[in-house]
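Going by our numbering, the sequence shown opens with residue 7, and the numbers climb by one from there.
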Amino acid sequence: GPGIPAALGGTEIRDITLNQYDVLNIETNRPGADLTGTYIETDRAVAVFGGTEAGNAPNDDSCIYRQLQDDWVCEFDRETPCWDTVRGEPNITFCENYITCCADHLEQQMLPIFAWGREFNAARSAPRGEEADIWRVLASENNTTVRLIGVPDDIGEPLQTTWNLNEGEWFEFESRADFEIESNQPISIGQFLAAEFAPIPAGADEHVGPDYPYREDAGTGDPAFITVVPREQYREDYIFLVPAEYEQNWVTIVAPAGVDIEHADEQEIETLEAEMFDLFADGEWGALRYHLDREGYHRLTAEQPFGVMVHGYDSFVSYGYPAGLDVKRINSRRE
Numbered sequence: 007g008p009g010i011p012a013a014l015g016g017t018e019i020r021d022i023t024l025n026q027y028d029v030l031n032i033e034t035n036r037p038g039a040d041l042t043g044t045y046i047e048t049d050r051a052v053a054v055f056g057g058t059e060a061g062n063a064p065n066d067d068s069c070i071y072r073q074l075q076d077d078w079v080c081e082f083d084r085e086t087p088c089w090d091t092v093r094g095e096p097n098i099t100f101c102e103n104y105i106t107c108c109a110d111h112l113e114q115q116m117l118p119i120f121a122w123g124r125e126f127n128a129a130r131s132a133p134r135g136e137e138a139d140i141w142r143v144l145a146s147e148n149n150t151t152v153r154l155i156g157v158p159d160d161i162g163e164p165l166q167t168t169w170n171l172n173e174g175e176w177f178e179f180e181s182r183a184d185f186e187i188e189s190n191q192p193i194s195i196g197q198f199l200a201a202e203f204a205p206i207p208a209g210a211d212e213h214v215g216p217d218y219p220y221r222e223d224a225g226t227g228d229p230a231f232i233t234v235v236p237r238e239q240y241r242e243d244y245i246f247l248v249p250a251e252y253e254q255n256w257v258t259i260v261a262p263a264g265v266d267i268e269h270a271d272e273q274e275i276e277t278l279e280a281e282m283f284d285l286f287a288d289g290e291w292g293a294l295r296y297h298l299d300r301e302g303y304h305r306l307t308a309e310q311p312f313g314v315m316v317h318g319y320d321s322f323v324s325y326g327y328p329a330g331l332d333v334k335r336i337n338s339r340r341e
């Protein structure tokens, strides 16, 4: 807005004064730029939302650096070079054939750092095809060690399971499984639903000819961004709404092994028995992807804290959000 100079990124700090009901909008200046890791501190209570006007998931057209090979290649095939010798920097335009259609608006309200957790259940969305969910993990402190526990190499490549991060650093990966994420410091995790044509981008050889879109593709839905709730913020009671007009509506429920969940909507009450859940985390937790037949009001309750993620699909559109959470102060506020 007027009077707010452009920031240069890195460690630069901007001090901005807002009055009641003012809105500050911070944007990147080019496609592919990313505000992940930006730190916001205020002297009064504010709400912060993060997202993108149109984001691709998975981000197959990105240009990544391979440390062992000391080269830059397109993420999808990990073969196509994307280092621009003229500009002396990586250039994502070399990877534009691997864009996974289609991009969509992504947005979630950000949790304050004092509510970030150290233990998470990463339970995938309801599968549509052979697409994977995308996970992004962000550190709040230096010397943060993050471990991925029980996540298989289910997307055809070895997965690094231990990461060492400093404040504002993050990593991203894909998986089709349910697993655990643990950290020695507070972290924030985003879950991203894949695009309708995932996992095979339109520019890949498999998408040339009459089989396009490819039979492995999701076939419905598009990217959506969901805040992952830490175990420390789980509840025993959730009330949420399911929108009308979507072709499919789902909940992914994660609960301690052996715990039944009571489900009520405007027409009936039912028990989602513990035997319906797929166990993970050495059998200590279970995950259930449950199709919701009716729009409107829903309630889930249990005798122990559990987590709920609501999501849905239709042609080139998805939605997703946590059904609820506590926002307890479980970390010391940084001075």
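All residues carry an ideal CB built from backbone N, CA and C; glycine is no exception. Just so we're clear, the structure is a prediction, and the values are computed from it rather than from any experiment.
For residue i, the three-state DSSP class (helix, strand or coil)
i: isoleucine 46; result: coil
i: cysteine 80; result: strand
i: glutamate 102; result: helix
i: glutamine 239; result: helix
i: phenylalanine 322; result: coil
i: glutamate 5; result: Nothing about residue 5 can be read from this structure; the chain reaches only from 7 to 341.
i: methionine 315; result: strand
i: isoleucine 232; result: strand
i: alanine 261; result: strand
i: glutamate 175; result: coil
i: phenylalanine 120; result: helix
i: alanine 224; result: coil
i: alanine 280; result: helix
i: proline 328; result: strand
i: threonine 86; result: coil
Same chain, Cβ closer than 7 Å to residue i, five either side skipped, listed in chain order
i: valine 235; result: Gly313, Pro328, Leu331
i: glutamate 136; result: Pro205, Glu222
i: leucine 24; result: Leu30
i: phenylalanine 185; result: Ala128, Leu154, Ile155, Gly156, Val157, Phe286
i: methionine 116; result: Val54, Phe55, Gly56
i: proline 311; result: Tyr240, Arg241, Glu242
i: glutamate 279; result: Asp266
Spatial distance of residue i from residue j (CA atoms)
i: alanine 293; j: valine 260; result: 5 Å
i: asparagine 148; j: threonine 42; result: 16 Å
i: aspartate 49; j: phenylalanine 55; result: 18 Å
i: threonine 277; j: aspartate 266; result: 7 Å
i: aspartate 228; j: isoleucine 105; result: 13 Å
i: cysteine 69; j: cysteine 101; result: 7 Å
i: glutamate 242; j: tyrosine 296; result: 18 Å
i: serine 324; j: alanine 60; result: 13 Å
i: threonine 91; j: tryptophan 78; result: 11 Å
i: glutamine 26; j: arginine 134; result: 44 Å
i: alanine 132; j: threonine 151; result: 29 Å
i: tryptophan 343; j: asparagine 97; result: The structure shown has nothing for residue 343, since the chain only spans 7 to 341.
i: isoleucine 19; j: threonine 34; result: 16 Å
i: glutamate 281; j: asparagine 190; result: 32 Å
i: alanine 308; j: glutamate 268; result: 6 Å
i: valine 333; j: glutamate 272; result: 28 Å
i: aspartate 28; j: threonine 44; result: 20 Å
i: isoleucine 119; j: glutamate 85; result: 38 Å
i: glutamate 175; j: isoleucine 275; result: 45 Å
i: cysteine 107; j: aspartate 284; result: 31 Å
i: glycine 94; j: alanine 63; result: 27 Å
Close-in-space but distant-in-sequence residues of the same chain around residue i (CB under 8 Å, 5 per side omitted)
i: isoleucine 232; result: Gln114, Gly196, Gln197, Phe198, Leu199, Met315, His317, Gly326, Tyr327, Pro328
i: serine 181; result: Ala128, Arg130, Ala138, Asp139, Trp141, Val157, Pro158, Asp160, Ile161, Leu165
i: threonine 167; result: Arg153, Leu154, Ile155, Val157
i: alanine 338; result: Correcting the residue identity first, residue 338 is serine in this sequence and not alanine. Result list for serine 338: Phe120, in chain order.
Cβ-based burial, residue i [other Cβ within 10 Å; buried from 16]
i: glutamate 202; result: buried
i: leucine 74; result: exposed
i: isoleucine 140; result: buried
i: alanine 39; result: exposed
i: aspartate 21; result: exposed
i: threonine 258; result: buried
i: glycine 289; result: exposed
i: glutamine 239; result: buried
i: glycine 123; result: buried
i: alanine 287; result: buried
i: tyrosine 303; result: exposed
i: threonine 58; result: buried
i: tyrosine 319; result: buried
i: tyrosine 71; result: exposed
i: proline 37; result: exposed
Contact belief for residue i with residue j at Cβ below 8 Å, rounded distance in angstroms
i: valine 193; j: serine 146; result: Reading off the sequence shown, one finds isoleucine at residue 193, where the question assumed valine. Contact flag correct, Cβ pair sits at about 7 Å.
i: alanine 183; j: arginine 130; result: 7 Å
i: leucine 298; j: asparagine 255; result: 4 Å
i: proline 207; j: aspartate 66; result: 5 Å
i: phenylalanine 322; j: arginine 237; result: 34 Å between Cβ atoms; not a contact.
i: isoleucine 336; j: alanine 109; result: About 35 Å separates the two Cβ atoms, so there is no contact after all.
i: alanine 230; j: leucine 144; result: With a Cβ gap of about 18 Å, alanine 230 and leucine 144 do not count as contacting.
Residues of its chain near residue i, where Cβ-Cβ distance is below 6 Å and the 5 sequence neighbours each way are ignored
i: asparagine 172; result: Asn148
i: alanine 270; result: Arg305
i: glutamate 301; result: Val248, Ala250
i: isoleucine 245; result: Arg305
Cβ of residue i within 8 Å of any chain E Cβ
i: glutamine 73; result: Of the protein chains in this structure there is only one, and it is not chain E.
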